[in-house]
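Chemist: Numbering (my numbering), first residue to last: 9 to 120.
Ideal Cβ positions, reconstructed from N, Cα and C, are used throughout, including at glycine.
Next up is a structure, given as structure tokens.
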């Protein structure tokens, strides 16, 4: 996903400048953050399969303890929180950069 986003991000209507490069960098970082969230989502899907196997015969093969499952859920949740925080921070910086660009190009515009 990030690779396709990077490829499409290079086709930009912004003139080449350090500001445009910074905005492009933030957009790429947001794509990477989303990739991290997708990895955490896949981990949750795996956890669901461990907790509720599809076939009853699978329960004989999987014996995680409550402590192990609790640790796994805690680690996945911490990573999810970290990814969400990173994505939020990146998108906030991107919004601020875009708002500054609008104000610079149109001094009468009010940032929203």
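From 36, 98, 108, 92, pick the residue whose C-alpha is nearest to that of residue 47; which is it?
Modeler: In the chain shown, the residue the question calls residue 47 occupies position 39. The residue with the shortest Cα to Cα distance from residue 47 is 92.
Chemist: Take residue 15 and list the residues in its own chain whose beta-carbon comes closer than 6 Å to its own, dropping the five residues that flank it on each side.
Modeler: Position 7 of the chain shown, counted from the start, is the residue given in the question as residue 15. A caution first: residue 15 carries a pLDDT of 44, below 50, which makes its placement in the model unreliable, though a value can still be read off. Around residue 15: no qualifying Cβ.
Chemist: Which same chain residues, not among the five before or five after residue 112, have their C-beta less than 6 Å away from its C-beta?
Modeler: On the chain shown, residue 112 is found 104 positions in, with the first residue counted as 1. Here the set comprises nothing.
Chemist: Residue 105 and residue 31: beta carbons closer than 7 Å?
Modeler: The residue labelled residue 105 in the question sits at position 97 within the chain shown. The residue labelled residue 31 in the question sits at position 23 within the chain shown. In contact: residue 105 and residue 31 (Cβ atoms closer than 7 Å).
Chemist: Return the CA-CA distance between residue 101 and residue 87, expressed in angstroms with no decimal places.
Modeler: Taking the first residue of the chain shown as 1, we reach residue 101 at position 93. Taking the first residue of the chain shown as 1, we reach residue 87 at position 79. So the two alpha carbons sit approximately 21 Å from each other.
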